[in-house]
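Report on the structure given below.
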Amino acid sequence: MAKILITDDAAFMRLTLKNIIVEAGFEVIGEAANGQEAVQLYETHRPDLVTMDITMPEMNGIEALEKIKGIDPKAKVIMCSAMGQQSMVVDAIQKGAVDFIVKPFDKTRVKEAIEKAIS
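Here full-length UniProt numbering is used: position 88 in the sequence shown is 88, and no number is missing along the way.
What follows is the structure, encoded as structure tokens:
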């Protein structure tokens, strides 16, 4: 079973994503409220996949993506973005993100993105 780390500064978004992920049959091994926490939890738990919000305090998703890729070049990160963040999404993909999902989350799309990323 794939172990997933959820990163979002909004508790409601983390909960929404967690429910979708668990319902899809995956395990959530941690939740981070910002990029800095995500990097620390990645180092500790080495999840199979990270969902990463782009806009967060402390350290944004792009910076956290770069740090995680620095720790583990094979790390799989799916970016989560609101509409209108296309340029940041392109930046994230160029820096190694495997996919992106748009908020508000579509259950089917989230499940497909995770399955594609870990296969």
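Think of the CB as a built atom: it goes at the ideal place given N, C-alpha and C, for glycine as much as any other residue.
Every value quoted in this text rests on a predicted model; they were computed, and no experiment measured them.
Considering only their Cβ atoms, is the gap separating N34 from E56 smaller than 8 Å?
Before going further, note that residue 56 is Met rather than Glu in the sequence given. Yes, these two residues count as a Cβ contact at 8 Å.
Tell me the rounded alpha-carbon separation between M79 and R109.
Each residue's Cα considered, the two are about 13 Å apart.
Below 6 Å CB to CB, which residues in the same chain sit around E27 once its five sequence neighbours on both sides are set aside?
Around E27: M1 and K3.
What separation, rounded to the nearest whole angstrom, lies between the Cα atoms of K95 and K67?
K95 and K67: Cα-Cα distance of roughly 10 Å.
Anyone know if the C-beta pair for S81 and V102 falls short of 8 Å?
The answer is yes: Cβ separation under 8 Å.
Take R14 and list the residues in its own chain whose beta-carbon comes closer than 7 Å to its own, dropping the five residues that flank it on each side.
Contacts found: I6, D8 and E31.
Please go through the same chain and pick out, in chain order, the residues whose beta-carbon is closer than 8 Å to the beta-carbon of E43, but skip the five residues on each side of it.
Excluding sequence neighbours, E43 sits near I71.
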